[in-house]
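To keep things clear, I will list the structure first and then write my remarks on it.
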Amino acid sequence: MERNAEYYAQGLARLIQIPTVVTEPPEIFERYHERLKEVFPHVFDTVEITKAGASDAEGDIFLQMAKRIGGISDPRFQSANPKGGNALILKWKGKSGEKPIALMGHQDVAPVEEKNWTYPPFEGRIVDGKLYGRGAIDCKNTAYLSLQAIEELIEEGFVPEHDVYFLSSDNEEMAGQGTPSSIKILKERGVHFSIIIDEGGAISTDLFAALKKPVAAVAVMEKGSSVFRFSAKSHGGHTSMPPKNTPWERLARLIVDVHSHRYFKPKVTPEVVAMLEGLSDAMGGPAKFLLKHAKWFKPLIQVAAPKINPTVNAMLSTVITFTMCEGSTLPNVIPNEAFIIANLRHSTHSNVAYAQKIFARLSKKYDVDVELVFGYDATVPVTVDNPGYRYVAQTIKEVLPDTAIVPFIQTGGTDSRHTPEIADAALRFTPFRISANQMGRMHGDDENIDVATLPEGVTFFKQLIRNYKGV
Ligand SMILES: [Zn+2]
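Quick note, the sequence shown lines up with residues 0 to 470 if you use numbering that gives the first Met the number 0.
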């Protein structure tokens, strides 16, 4: 069969057909491995395969944390999968073990609300040039394009100059232990990558109206994340004779305080400047000039940009959202303890420690306890003169010459936040075209990908591997 867009779409559909929802027990991932072997026979005949997963103790830490934030009733935390055990490390031996590269793409997918889907989410149906299914853009496409590129290169008799790895965790969607476990193994083996490419960025075709070109967004860093628990205690009591300052009053004042002050200020950091300079290539008129010289206009951008939209705001600032709460179990009983949970996403300039300082002050003011449940800082940004970044950007320029290449700040989390310790350039980019509408369907209903964009994705990864002579 000729390898065209249709052929690739059918291959990707076969991966979608195994419902590797992150809440499923390990057997589903073993079935998925069997499917990978069928779709990529040459890959699995050639590579060294290692499976990775966390220890019981590491899995328990995850569950204890879930209990602390009250999330234990969420079915996701009841599955055994935070430990995993089916993360994959595939190693394709090259002529040299030095300066290896790694492609990544997790196996698990987000849960579905099946009744809301137009087509069954695990069928992989192709309608009007679009392939529908859970994982179509997050991120069985990333895995498919990477492995298909390796499959074709092996068939062509190609041997890479340097080792090429494919890393794939089985619990990315619950921030599980798949990738940390794999990294532990790679560190023990002394493996250090020049380049890692994971999911994250894509080619946005209609990000905003002023764009004159599609934007190839290569995420060069990822924001940090933390979860804080604020709790307020009382002696309980009946609602017929309420005392002053009940737990909920104090917690409500704290929420209002956080949302009426700008404790986390926006800042045009060097990585923001690099992103705006990259975007200028896709703009016309005065905006082009402004962005091209973002360095000069920092104060203006700092004030104006956060007001443009939530995405721009999130790229310039640490953001906070209150998400969960729990108090009394009866309507007429004052809670002995009530708590609320906040999730923060940290920019490089206001990290977890900075938030702790602010919350320590507020907790005194409102007589509540504050606890950091977990948190990690933003990754150190890969700069645009990093040789790994330059090599990837050069490959994009060759394969996708109509795009503007933009080093951007990933606001959500991916597995690759764990990888900077074993990589010189950890980047997040899958070469496929995506509209704003399609982007909005990630983790949502009717997730889909354009069939026509699949061949350029395979070509990109083939060229990236074929031309790689170390950086
Ligand atoms: Zn993903």
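No residue lacks a Cβ here, since even glycine has one placed at the ideal position from N, Cα and C.
Residues near residue i in its chain [Cβ-Cβ closer than 6 angstroms; skip 5 each side]
| i | result |
| --- | --- |
| leucine 14 | Lys139, Tyr143 |
| threonine 320 | Asn342 |
| lysine 294 | Val272 |
| lysine 266 | His348 |
Candidates the options, of which the one nearest residue i by Cα
| i | options | result |
| --- | --- | --- |
| isoleucine 340 | Ala392, Val226, Ala425 | Val226 |
| threonine 481 | Ile184, Ala12, Leu453, Thr410 | What is shown of the chain runs 0 to 470, which leaves residue 481 out entirely. |
| valine 163 | Ile48, Glu171, Ala251 | Ile48 |
| leucine 471 | Trp91, Gly175, Lys297, Leu275 | Limits of the chain in this structure are 0 at one end and 470 at the other, which puts residue 471 out of reach. |
| lysine 291 | Ala337, Pro285, Glu276 | Glu276 |
| serine 492 | Asn331, Ala359, Trp116 | This structure cannot settle anything about residue 492, because the visible part of the chain is limited to 0 through 470. |
| glycine 412 | Asn170, Leu253, Gln393 | Asn170 |
| lysine 129 | Thr458, Tyr353, Val470, Val450 | Val450 |
| lysine 222 | Pro246, Pro242, Thr268 | Thr268 |
| threonine 245 | Val111, Ala101, Gly326, Pro298 | Gly326 |
| threonine 141 | Tyr131, Glu155, Phe165 | Phe165 |
| glycine 200 | Leu210, Thr117, Met274 | Met274 |
| isoleucine 546 | Ala8, Asn335, Gln106, Asp384 | Residue 546 lies beyond the range of the chain shown here (0 to 470); nothing can be said about it. |
| tyrosine 375 | Val257, Tyr262, Phe296, Ala354 | Ala354 |
| alanine 208 | Thr317, Thr19, Pro265, Ala286 | Ala286 |
| proline 40 | Glu23, Glu150, Arg2 | Glu150 |
| aspartate 256 | Gln301, Arg360, Pro242, Ser349 | Arg360 |
| serine 316 | Asn308, Ile307, Phe263 | Phe263 |
| asparagine 335 | Glu112, Asn308, Trp247, Pro25 | Trp247 |
| glycine 439 | Pro298, Thr310, Ala12 | Thr310 |
Residues near residue i in its chain [Cβ-Cβ closer than 8 angstroms; skip 5 each side]
| i | result |
| --- | --- |
| phenylalanine 373 | Met64, Ser225, Val226 |
| valine 391 | Ile194, Ile196, Val217, Ala424, Leu426, Phe428, Leu463 |
| histidine 32 | Asn85, Leu87 |
| proline 419 | Thr378, Val379, Ala425 |
| lysine 186 | Glu420, Ile421 |
| arginine 34 | Arg13, Leu14, Gln16, Ile17 |
Cβ-Cβ distance between residue i and residue j below 9 angstroms
| i | j | result |
| --- | --- | --- |
| alanine 281 | lysine 363 | no |
| serine 233 | aspartate 368 | no |
| histidine 345 | threonine 178 | no |
| serine 167 | glycine 104 | yes |
| glycine 175 | valine 21 | yes |
| glutamate 160 | tyrosine 388 | no |
| glutamate 446 | glycine 134 | yes |
| glutamate 198 | valine 108 | no |
| alanine 403 | alanine 215 | yes |
| phenylalanine 358 | serine 145 | no |
| alanine 337 | cysteine 324 | yes |
| arginine 188 | tyrosine 365 | no |
| isoleucine 408 | methionine 314 | yes |
| valine 42 | valine 219 | no |
| serine 180 | glutamate 1 | no |
| leucine 289 | isoleucine 307 | no |
| aspartate 444 | glutamate 23 | no |
For residue j and residue i, believed in contact at Cβ under 8 angstroms, the rounded distance
| i | j | result |
| --- | --- | --- |
| glutamine 16 | glycine 123 | 5 angstroms |
| valine 405 | leucine 278 | 5 angstroms |
| lysine 82 | alanine 51 | In fact, because the Cβ distance is near 11 angstroms, the residues do not count as touching under 8 angstroms. |
| aspartate 59 | histidine 442 | The pair is not a contact, with the Cβ atoms about 27 angstroms apart (cut-off 8 angstroms). |
| valine 457 | alanine 148 | 5 angstroms |
| arginine 228 | glutamate 37 | In fact, because the Cβ distance is near 46 angstroms, the residues do not count as touching under 8 angstroms. |
| valine 470 | lysine 98 | 7 angstroms |
Helix, strand or coil at residue i according to DSSP, with G and I counted as helix
| i | result |
| --- | --- |
| threonine 382 | coil |
| serine 362 | helix |
| leucine 371 | strand |
| proline 40 | helix |
| tyrosine 118 | coil |
| tryptophan 247 | helix |
| methionine 220 | strand |
| threonine 317 | coil |
| threonine 429 | strand |
| alanine 4 | helix |
| phenylalanine 192 | strand |
| glutamate 47 | strand |
| proline 434 | For clarity, residue 434 is serine in the given sequence; the question names proline instead. Coil. |
| proline 406 | strand |
| leucine 343 | strand |
| histidine 258 | helix |
| lysine 90 | strand |
| glycine 128 | coil |
| serine 181 | helix |
| asparagine 447 | strand |
Spatial neighbours of residue i in its chain, beta-carbon cut-off 7 angstroms, leaving aside the 5 residues before and after
| i | result |
| --- | --- |
| glutamate 455 | Val398, Leu399, Pro430 |
| threonine 452 | Phe431, Arg432 |
| aspartate 205 | Ser434, Ala435 |
| arginine 30 | Ile17 |
| valine 158 | Gly93, Lys94 |
| glycine 236 | Pro242, Ile333 |
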